[in-house]
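Enquirer: Converting from the sequence shown to our numbering requires adding 314 to each position, the first position being numbered 1.
Where is the CB? At the ideal position from N, CA and C, for every residue including glycine.
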Amino acid sequence: MSEELLFLRPDTIIEPLANRFYASMYATAPVTAAMNLAFRNLPMLESYLASPEWHFAAARDPKFRGGFFVNIEEQRKNEVEALLAAIRRDSADVLRFAEAIAEAEKIIREEATGYDLRPLYPKLPPELSGLVEIAYDTGNAASLHFLEPLIYKSKAYAEDCQSVQLSVETGIERPFVMSTPRLPSPDVLELNIPFRHPGLEELFLSRIRPTTLAALREALELGDAEAARLADLLVPEPSLASDRHVAAGARIRYWGHACLLMQTPDVAIMTDPFISADTDATGRYTYNDLPDRLDYVLITHGHSDHLVPETLLQLRGRVGTFVVPRTSRGNLCDPSLALYLRSFGLPAIEVDDFDEIEFPGGKIVSTPFFGEHADLDIRAKSTYWINLGGKSIWVGADSSGLDPVLYRHIRRHLGAVNIAFLGMECDGAPLNWQYQPFITKALPKKMSDSRKMSGSNAEQAGAIVTELGAEEAYIYAMGEESWLGHVMATSYNEDSYQLQQIAEFEAWCSRKGVKAAHLLDQHEWHWSSSR
315 MSEELLFLRP
325 DTIIEPLANR
335 FYASMYATAP
345 VTAAMNLAFR
355 NLPMLESYLA
365 SPEWHFAAAR
375 DPKFRGGFFV
385 NIEEQRKNEV
395 EALLAAIRRD
405 SADVLRFAEA
415 IAEAEKIIRE
425 EATGYDLRPL
435 YPKLPPELSG
445 LVEIAYDTGN
455 AASLHFLEPL
465 IYKSKAYAED
475 CQSVQLSVET
485 GIERPFVMST
495 PRLPSPDVLE
505 LNIPFRHPGL
515 EELFLSRIRP
525 TTLAALREAL
535 ELGDAEAARL
545 ADLLVPEPSL
555 ASDRHVAAGA
565 RIRYWGHACL
575 LMQTPDVAIM
585 TDPFISADTD
595 ATGRYTYNDL
605 PDRLDYVLIT
615 HGHSDHLVPE
625 TLLQLRGRVG
635 TFVVPRTSRG
645 NLCDPSLALY
655 LRSFGLPAIE
665 VDDFDEIEFP
675 GGKIVSTPFF
685 GEHADLDIRA
695 KSTYWINLGG
705 KSIWVGADSS
715 GLDPVLYRHI
725 RRHLGAVNIA
735 FLGMECDGAP
745 LNWQYQPFIT
755 KALPKKMSDS
765 RKMSGSNAEQ
775 AGAIVTELGA
785 EEAYIYAMGE
795 ESWLGHVMAT
805 SYNEDSYQLQ
815 QIAEFEAWCS
825 RKGVKAAHLL
835 DQHEWHWSSS
845 R
């Protein structure tokens with residue numbers, strides 16, 4: 315078998331891990347990862363060890379879906395205990411870096427009172443030396459600015475703690491990624507390699523390009539046991555869809571959540587890739603339907619349902635350019651999406667508002683994104699206006715209609731929109747759910763609860779559509795697809811406020827003559843291209 319030409323199974327999944335936790339951006343980018351590890355994951359593991367039965371029961375209770383409960387049986391408690399000890403030992407520099415950040419922020423709160431900041435530098439913990447600048451804003455509030463590219467090269471970024479798990483998609487929902495570390499399993503191939511390892515690109519290119527077990531073994535540096543397990547993930551023939559490319563005209567395919575694939579014979583553009591690997595399921599697109607090459611992948615923001623590492627790694631070698639919004643550069647809670655992607659071995663460029671990227675027969679324009687980040691100063695978020703096949707398409711992700719005049723400006727600058735896609739998660743999680751580890755000053759619960767990660771409600775969505783002049787409007791990014799549960803952990807029912815708001819918006823669109831629908835699983839639009 316070692317010299318037989320083979321392909322990667324289409325139902326192969328990968329989970330990239332940092333200290334055995336799912337490697338979302340906030341758990342990987344060094345500043346937020348240090349804070350997340352020290353002030354969320356370690357306390358959560360300690361809580362589990364104090365009461366494993368309670369954690370396991372709560373993790374499986376629908377009332378606590380999406381909560382921070384470790385979904386591991388009590389009989390594996392010793393493994394969790396060993397993991398905690400290993401993190402404390404192997405990530406000591408990372409944990410100390412997090413403590414240094416908390417200490418430095420306390421110094422700044424107490425001593426940066428509007429006067430000269432130079433005397434504060436000698437007081438900062440040594441772990442931050444040369445890696446931060448202290449600065450005032452025009453309101454005289456001081457903050458730390460992190461030199462993130464340097465921090466990726468420091469002891470605070472620990473590639474030795476990275477690994478990946480490869481397995482076959484079973485259709486059974488995996489444990490919630492934000493709360494449950496991944497322990498070893500007999501049906502999982504575990505590789506202690508960094509995310510940027512070139513062997514991963516060779517592996518995932520073998521979905522479309524045949525290779526041999528011997529070549530993959532060498533590329534991934536596998537031992538005998540690992541190679542034997544990898545052999546189970548290889549098949550003699552691919553099962554690629556014959557219609558994965560476009561021969562004429564233009565096409566949009568909805569792949570679930572916020573993932574759209576826009577194609578002409580000249581270009582393929584995907585937004586926020588989140589792709590199912592369950593090839594036995596029906597009514598969805600999978601990796602079998604993916605074109606051999608994507609010219610552009612557009613990322614709207616860094617939340618883990620839009621910047622999905624398990625999908626991103628599977629695109630290694632098949633994407634020309636990842637396009638990401640520019641960060642504020644240095645803000646603790648606003649890590650660089652570009653640096654994160656590059657750490658995975660992916661080609662990424664940053665765009666600012668109204669930057670343009672031209673391609674044959676059209677262009678991409680980065681447009682502003684309001685709200686949905688709990689009122690934190692996070693700039694790495696963008697919507698996109700795409701001209702493709704003679705139509706203008708606006709990809710709104712979770713942008714809020716809190717100030718409709720923004721969308722009037724977009725229309726004035728770029729023209730009316732033919733098709734608009736927007737999310738309506740209008741009762742999102744509170745600030746503490748995502749950002750608590752980064753908050754170094756106690757935040758009252760009432761304050762946190764008032765600052766939700768919410769997109770548009772019906773009234774705001776209607777205002778967006780009106781100001782954009784959209785002819786068609788589609789609600790997406792609601793997390794209802796069954797294969798997203800391990801990341802989204804949503805639990806809507808017919809009484810959910812979000813679904814009621816969607817129904818209200820659809821009724822409004824009907825009255826206004828706007829074609830509208832609430833998307834789920836998959837959908838396709840096709841038209842004759844005009845230039």
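For the putative contact between L834 and L527, defined by C-beta atoms under 8 Å, what is the C-beta separation to the nearest angstrom?
Expert: Against the sequence shown, residue 834 aligns to sequence position 520. Against the sequence shown, residue 527 aligns to sequence position 213. Not quite, the Cβ-Cβ distance comes to about 39 Å (not below 8 Å), so this is no contact.
Enquirer: Using a 10 Å radius around the Cβ and a threshold of 16 neighbouring Cβ atoms, would you call V679 buried or exposed?
Expert: Taking the first residue of the sequence shown as 1, we reach residue 679 at position 365. Flag for V679 reads buried.
Enquirer: Could you compute how far the alpha carbon of A803 sits from the alpha carbon of A418?
Expert: For the purposes of this step, residue 803 is taken as the residue at position 489 of the sequence shown. For the purposes of this step, residue 418 is taken as the residue at position 104 of the sequence shown. So the alpha carbons of these two residues sit roughly 35 Å apart.
Enquirer: Evaluate I486 with the Cβ neighbour count: other Cβ atoms within 10 Å of its Cβ, from every protein chain shown; 16 or more gives buried, anything less gives exposed.
Expert: Position 172 of the sequence shown, counted from the first residue, corresponds to residue 486. I486 comes out exposed.
Enquirer: In terms of residue numbering, what span does the alpha helix (DSSP H) encompassing T681 cover?
Expert: Reading the sequence shown from its first residue, position 367 is the one you call residue 681. No alpha helix (DSSP H) holds T681; the beta strand (DSSP E) holding it covers G676 to T681.
Enquirer: By the three-class DSSP mapping on this structure, what secondary structure does S590 have?
Expert: Taking the first residue of the sequence shown as 1, we reach residue 590 at position 276. Strand.
Enquirer: Between the region 585-604 and the region 666-680, can you find at least three pairs of beta-carbon atoms closer than 8 Å?
Expert: Not touching, per the Cβ criterion.
Enquirer: Can you give me the Cβ contacts of E820 inside the same chain, cut-off strictly under 6 Å, excluding the 5 residues immediately before and after it?
Expert: The count along the sequence shown starts at 1 and reaches residue 820 at position 506. Here the set comprises A830.
Enquirer: Starting from A830, trace the beta strand (DSSP E) both ways and give me its first and last residue.
Expert: The residue labelled residue 830 in the question sits at position 516 within the sequence shown. K829 to H832 is the extent of the beta strand (DSSP E) around A830.
Enquirer: Just to confirm my understanding: we take P605, look at its own chain, exclude 5 residues before and 5 after, and list those with CB closer than 6 Å. What are they?
Expert: Walking along the sequence shown from the start, residue 605 turns up at place 291. Same-chain partners within the cutoff: R558, H559 and A582.
Enquirer: Is H369 helix, strand or coil when you go by DSSP?
Expert: Here residue 369 refers to the residue found at position 55 when the sequence shown is read from its first residue. Three-state DSSP puts H369 in a helix.
Enquirer: Based on DSSP bridge pairs, tell me the residues matched to W839.
Expert: In the sequence shown, counting from the first residue as 1, residue 839 sits at position 525. In the DSSP output, where bridge partners are listed per residue, W839 has I566.
Enquirer: DSSP has L737 in a bridge; who is on the other side?
Expert: Position 423 of the sequence shown, counting from 1, holds the residue named residue 737. It is Gly, not Leu, that sits at residue 737 in the sequence shown. Y790.
Enquirer: Is the region 476-490 touching the region 453-463 in the sense that three or more CB pairs, one from each, lie closer than 8 Å?
Expert: These segments do not touch.
Enquirer: For P661, does the count of other Cβ atoms within 10 angstroms reach 16, so buried, or fall short, so exposed?
Expert: Translated into positions along the sequence shown, residue 661 becomes position 347. P661 comes out exposed.
Enquirer: What are the residues that DSSP puts in a beta bridge with V502?
Expert: Start at 1 with the first residue of the sequence shown, and residue 502 comes out as number 188. None; V502 has no bridge partner.
Enquirer: Determine the burial state of G703: buried for a count of at least 16 other Cβ atoms within 10 Å of its Cβ, exposed for fewer.
Expert: Counted from its first residue, the sequence shown places residue 703 at position 389. Its Cβ being crowded by 16 or more others within 10 Å, G703 is buried.
Enquirer: So, does the region 684-703 touch the region 635-642, judging by three or more C-beta pairs under 8 Å?
Expert: Touching, yes, given that three or more Cβ pairs across the two stretches are closer than 8 Å.
Enquirer: Any contact of the region 766-776 with the region 807-823, i.e. 3+ C-beta pairs under 8 Å?
Expert: Taking 8 Å as the limit for Cβ pairs, the verdict is that the region 807-823 does touch the region 766-776.
Enquirer: Flag this pair as yes or no: are the beta carbons of E441 and A414 separated by less than 9 Å?
Expert: Taking the sequence shown and counting its residues from 1, one reaches residue 441 at position 127. Taking the sequence shown and counting its residues from 1, one reaches residue 414 at position 100. Yes.
Enquirer: Using DSSP bridges, identify the partner residues of I327.
Expert: Residue 327 sits at position 13 when you count from the first residue of the sequence shown. I327 is bridged to S481.
Enquirer: Between the region 648-664 and the region 615-629, do at least 3 Cβ pairs fall closer than 8 Å?
Expert: With the cut-off at 8 Å, the region 648-664 and the region 615-629 touch.
Enquirer: Quick check on this structure: which residue in V731, P718, Y340 and D712 has the alpha carbon closest to the alpha carbon of W699?
Expert: Counting from one through the sequence shown, the residue named residue 699 turns up at place 385. Measuring from the Cα of W699, the nearest candidate turns out to be V731.
Enquirer: Measuring only from the beta carbon, is E425 closer than 8 Å to any heavy atom that is part of the ligand FMN?
Expert: With respect to the ligand FMN, the structure offers nothing, as it holds no ligand at all.
Enquirer: Check the C-beta distance from G737 over to A542 and give it rounded, since I have them as a contact under 8 Å.
Expert: The sequence position of residue 737 within the sequence shown is 423, counting from 1. The sequence position of residue 542 within the sequence shown is 228, counting from 1. About 44 Å separates the two Cβ atoms, so there is no contact after all.
Enquirer: State whether the region 644-658 contacts the region 337-355, with contact taken as three or more CB pairs (one from each stretch) at a distance under 8 Å.
Expert: With the cut-off at 8 Å, the region 644-658 and the region 337-355 touch.
Enquirer: What residue from F460, N645, Y610 and I589 has the CA that sits closest to P623's CA?
Expert: Taking the first residue of the sequence shown as 1, we reach residue 623 at position 309. It is I589 whose Cα lies nearest to the Cα of P623.
Enquirer: Pick from Q750, E781 and K755: whose alpha carbon is nearest that of K766?
Expert: Taking the sequence shown and counting its residues from 1, one reaches residue 766 at position 452. Measuring from the Cα of K766, the nearest candidate turns out to be Q750.
Enquirer: Rounded to the nearest angstrom, what separates S520 and L322 at their Cα positions?
Expert: Here residue 520 corresponds to residue number 206 of the sequence shown, with the count starting at 1. Here residue 322 corresponds to residue number 8 of the sequence shown, with the count starting at 1. Their Cα atoms are separated by approximately 5 Å.
Enquirer: Confirm, please, whether the CB-CB distance from A412 to A337 is below 9 Å.
Expert: By one-based count along the sequence shown, residue 337 stands at place 23. By one-based count along the sequence shown, residue 412 stands at place 98. No; because the gap between Cβ atoms is not below 9 Å, this pair is not in contact.
Enquirer: Helix, strand or coil: how does DSSP classify K377 here?
Expert: Along the sequence shown, read from residue 1 onward, the residue named residue 377 stands at position 63. Three-state DSSP puts K377 in a helix.
Enquirer: Am I right that F490 and G380 are in contact with their C-beta atoms under 8 Å? What's the rounded C-beta distance?
Expert: The residue you call residue 490 lines up with position 176 of the sequence shown. The residue you call residue 380 lines up with position 66 of the sequence shown. So it is a contact: roughly 6 Å between Cβ atoms.
Enquirer: Determine the direct distance from the alpha carbon of L720 to that of A449, and round the result to whole angstroms.
Expert: What you label residue 449 is simply residue 135 of the sequence shown in a count that begins at 1. What you label residue 720 is simply residue 406 of the sequence shown in a count that begins at 1. Their backbone Cα atoms lie some 30 Å apart in a straight line.
Enquirer: With DSSP as the reference, label E417 as helix, strand or coil.
Expert: Numbered from its first residue, the sequence shown carries residue 417 at position 103. In this structure, E417 counts as helix in the three-state DSSP scheme.
Enquirer: Any contact of the region 365-385 with the region 494-507, i.e. 3+ C-beta pairs under 8 Å?
Expert: Judged by Cβ distances under 8 Å, the region 365-385 makes contact with the region 494-507, as three or more pairs qualify.
Enquirer: Helix, strand or coil for T625 per DSSP?
Expert: Locating residue 625 in the sequence shown gives position 311, where the first residue counts as 1. Here T625 sits in helix by DSSP.
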